[in-house]
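To start, the structure under review is shown below, and the notes come after it.
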Amino acid sequence: MLHHHITLLHNYITVLHHHIALLHNYITVLHHHITLLHNYITVLHHHIALLHNYITVLHHHITLLHNYITLLQHHITLLHNYITVLHHHITLLHNYITVLHHHITLLHNYSNCITMIHC
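What follows is the structure in structure tokens.
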């Protein structure tokens, strides 16, 4: 009878040892899953940081493009003002030539008048 009880105790200890081994394996697998989850979260964090950097660079490029367009608008305004001033100068030159032409005509008429008096 004692031998039977020792055998049962041995079997119980063996089953307990197997259960402890299974529990150890379960904890090891759980630890690996937690490690994988941690790695996944780390990679996700890096991807979010890269996306943030990409958005920041895109924002800077849009700002640079806006500044370029503003500068281009100012240059177009300056060019328009330059053309307007040039147009006014050409108009003044035209008026000056017209006045000069009238003066030459008057001088010519005066000269003809004097010539006719002397004749």
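Residue numbers for the sequence shown follow our numbering, beginning at 8 and rising by one.
Ideal Cβ positions, reconstructed from N, Cα and C, are used throughout, including at glycine.
{"Query": "Secondary structure of Met8, DSSP reduced to three states", "Result": "coil"}
{"Query": "Span separating the alpha-carbon of Thr91 from that of Leu107", "Result": "24 Å"}
{"Query": "Beta-carbon proximity list for Ile1, same chain, < 8 Å, skipping 5 on both sides", "Result": "Since the first and last residues shown for the chain are 8 and 126, residue 1 lies out of range."}
{"Query": "Rounded straight-line distance, which links the Cα of Gln80 to that of His66", "Result": "21 Å"}
{"Query": "Spatial neighbours of Leu99 in its chain, beta-carbon cut-off 8 Å, leaving aside the 5 residues before and after", "Result": "none"}
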